[in-house]
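Below is one structure, written out as structure tokens; comments come after it.
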């Protein structure tokens, strides 16, 4: 990613790297300014959102390789599995490990923020 410009061909790598970087920096800043628990929760939420995004991409790529009649059922089953795993992980993080809910939610939003920023950047760069 170093030395390469953002474009449509490497957008996914920039989104993943940018989300992890923003999660780490925001988590560190919040750990210093708010609390370590909040900052750690924010970072973990950002990592979790990024992992979910990567898993979703792999599922879509796999579904696109299947026959159309099998692809929809495969995609729905993968979606439900991913949703169930995320629910269990979030439950464990909040109830068992006691992570800060608001920090976790803020971290889960980092990827959406990055997608929005990259979309605005790409559209303004092209004059749209």
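In this note's numbering, the protein residues as written are 1413 to 1540.
C-beta atoms are modelled at their ideal positions from N, C-alpha and C, and glycine is treated no differently.
Measuring only the C-alpha atoms, how far is residue i from residue j?
i	j	result
residue 1526	residue 1495	22 Å
residue 1479	residue 1486	10 Å
residue 1508	residue 1532	39 Å
residue 1442	residue 1503	23 Å
How is residue i classed by DSSP in three states: helix, strand or coil?
i	result
residue 1509	coil
residue 1478	coil
residue 1417	coil
residue 1484	helix
residue 1529	helix
residue 1447	coil
Please list, in chain order, all residues of the same chain as residue i whose beta carbon is under 8 Å from its beta carbon, the five residues on each side excluded.
i	result
residue 1506	1513 and 1516
Ordered along the chain, which non-local residues of its own chain (more than five positions away) have a Cβ less than 6 Å from that of residue i?
i	result
residue 1465	1523
residue 1471	1490
residue 1439	1451, 1454 and 1455
Given a threshold of 16 other Cβ atoms within 10 Å of its Cβ, counted over all protein chains shown, does residue i qualify as buried or as exposed?
i	result
residue 1450	buried
residue 1484	exposed
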